[in-house]
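Quick note on numbering: the sequence shown equals residues 1 to 261 in full-length UniProt numbering. Even glycine gets a Cβ: it sits at the ideal position worked out from N, Cα and C. Written below as structure tokens is the structure these notes are about.
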Amino acid sequence: MTKLAVNISMIFTEVPLIERFALAREQGFSHIEIQFPYELSIQQIQQQLEQHQLSLCLINVPAGDLMQGGNGLAGIPGLEIEFKQAVDLALQYATALNVPSVNILAGKQPLDADLLPCLNTLANNLKYAAYQCSAHDIQPVFEMINGTDMPRFLVQNIAQAQEMLEAVQHPALKMQFDCYHMAMMGENVLEALKENIADIGHIQFADFPNRHQPDTAKIDFQAIFDYLIHSDYTGYIAAEYKPSNQSNQSFAWKLKYFSAE
């Protein structure tokens, strides 16, 4: 059974975050992800999950100023204490809300910093996060983000992610694979999935290059979803796109590809 989820940070943005849980359930989802849930209390989220019979499958570790155009936390030398505090906060939410997976955003190479110290800092911080997550039986993942949308991001493609896994050397750490970001980086999305599925802990999707819902641009989602549904992959597959119209009008793909699920 495919575990299909919807990201309520990017979808259902017509209403405040607290109101999006109900809309996810109305569209037939049992699982949701929230990029940064920290504007809501654990109690507020718990109430919404219980009321609408939802599970929260993924959250991000707080990323400092990354989403406001800054460099973030995880790969910045000198911010190790702040990163550990961010991991602690994420684990408070994840353990209380039974979140099975936590994503760590690498952040960007500062303009005045050399690359190698940033990568070393990132590897050490990922190792710390992996140990902390594992102690709570939570899956740690880290995401490749394309360098067009986020210039200087420290992990942009499959090869760089493989190198980071090798540097960290913690069996619990996996990649978070976003089909849109990989297509933006010129990867063959289907082949990259097939070749790296054992190292992938979470999958997200949006079409390329517009980042709208499936079947609005160039990615062959028929082949991708067919592969994932029949593969040994046991993680979640999450819709994380910018709807091209009203959110509730963007789910034709769900009926087309997952009606039998």
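Taking C-alpha atoms, which residue in the options lies nearest to residue i?
| i | options | result |
| --- | --- | --- |
| residue 179 | 29, 156, 160 and 207 | 207 |
| residue 152 | 66, 249 and 34 | 66 |
| residue 89 | 37, 13 and 213 | 37 |
| residue 128 | 159, 101 and 87 | 87 |
| residue 246 | 259, 12, 162 and 82 | 12 |
| residue 61 | 49, 54 and 82 | 82 |
| residue 213 | 202, 136, 251 and 69 | 251 |
| residue 170 | 52, 134, 20 and 149 | 134 |
| residue 163 | 184, 137, 122 and 130 | 122 |
| residue 209 | 158, 255 and 149 | 149 |
| residue 77 | 211, 204 and 154 | 154 |
| residue 51 | 22, 35, 34 and 32 | 22 |
| residue 226 | 243, 200, 217 and 259 | 259 |
| residue 120 | 145, 48, 80 and 243 | 80 |
| residue 231 | 238, 244, 216 and 194 | 194 |
| residue 104 | 115, 130, 93 and 7 | 130 |
| residue 218 | 73, 238, 243 and 184 | 184 |
| residue 49 | 20, 244, 243 and 239 | 20 |
| residue 69 | 108, 215, 26 and 39 | 108 |
| residue 253 | 98, 27 and 53 | 27 |
| residue 55 | 244, 238 and 243 | 238 |
Just how far apart, CA to CA, sit residue i and residue j?
| i | j | result |
| --- | --- | --- |
| residue 15 | residue 29 | 17 Å |
| residue 197 | residue 233 | 7 Å |
| residue 248 | residue 228 | 25 Å |
| residue 43 | residue 137 | 21 Å |
| residue 125 | residue 46 | 29 Å |
| residue 2 | residue 257 | 11 Å |
| residue 115 | residue 84 | 21 Å |
| residue 8 | residue 168 | 31 Å |
| residue 158 | residue 192 | 8 Å |
| residue 255 | residue 73 | 39 Å |
| residue 53 | residue 91 | 22 Å |
| residue 132 | residue 141 | 12 Å |
| residue 98 | residue 211 | 29 Å |
Determine the contact status of residue i and residue j, defining contact as a CB-CB distance below 7 Å.
| i | j | result |
| --- | --- | --- |
| residue 173 | residue 224 | no |
| residue 139 | residue 147 | no |
| residue 5 | residue 57 | yes |
| residue 75 | residue 113 | no |
| residue 71 | residue 110 | yes |
| residue 161 | residue 175 | yes |
| residue 202 | residue 236 | yes |
| residue 177 | residue 200 | yes |
| residue 34 | residue 24 | no |
| residue 59 | residue 93 | yes |
Taking all protein chains shown into account, do 16 or more other C-beta atoms lie within 10 angstroms of the C-beta of residue i, making it buried, or fewer, making it exposed?
| i | result |
| --- | --- |
| residue 143 | buried |
| residue 101 | buried |
| residue 18 | exposed |
| residue 64 | buried |
| residue 166 | exposed |
| residue 204 | buried |
| residue 187 | buried |
With 7 Å set as the bound, which would you pick, yes or no: does the beta-carbon of residue i sit closer than that to a beta-carbon of chain B?
| i | result |
| --- | --- |
| residue 108 | Although the question refers to chain B, the structure presented lacks it and comprises just one protein chain. |
Those runs of the beta strand (DSSP E) which lie wholly inside the region 36-70 and span at least 3 residues: 55-60
What are the complete beta strand (DSSP E) segments, minimum 3 residues, inside the region 120-192? 139-143 and 174-178
List, from N- to C-terminal side, the beta strand (DSSP E) runs of 3 residues or more that fit wholly inside the region 91-123. 101-104
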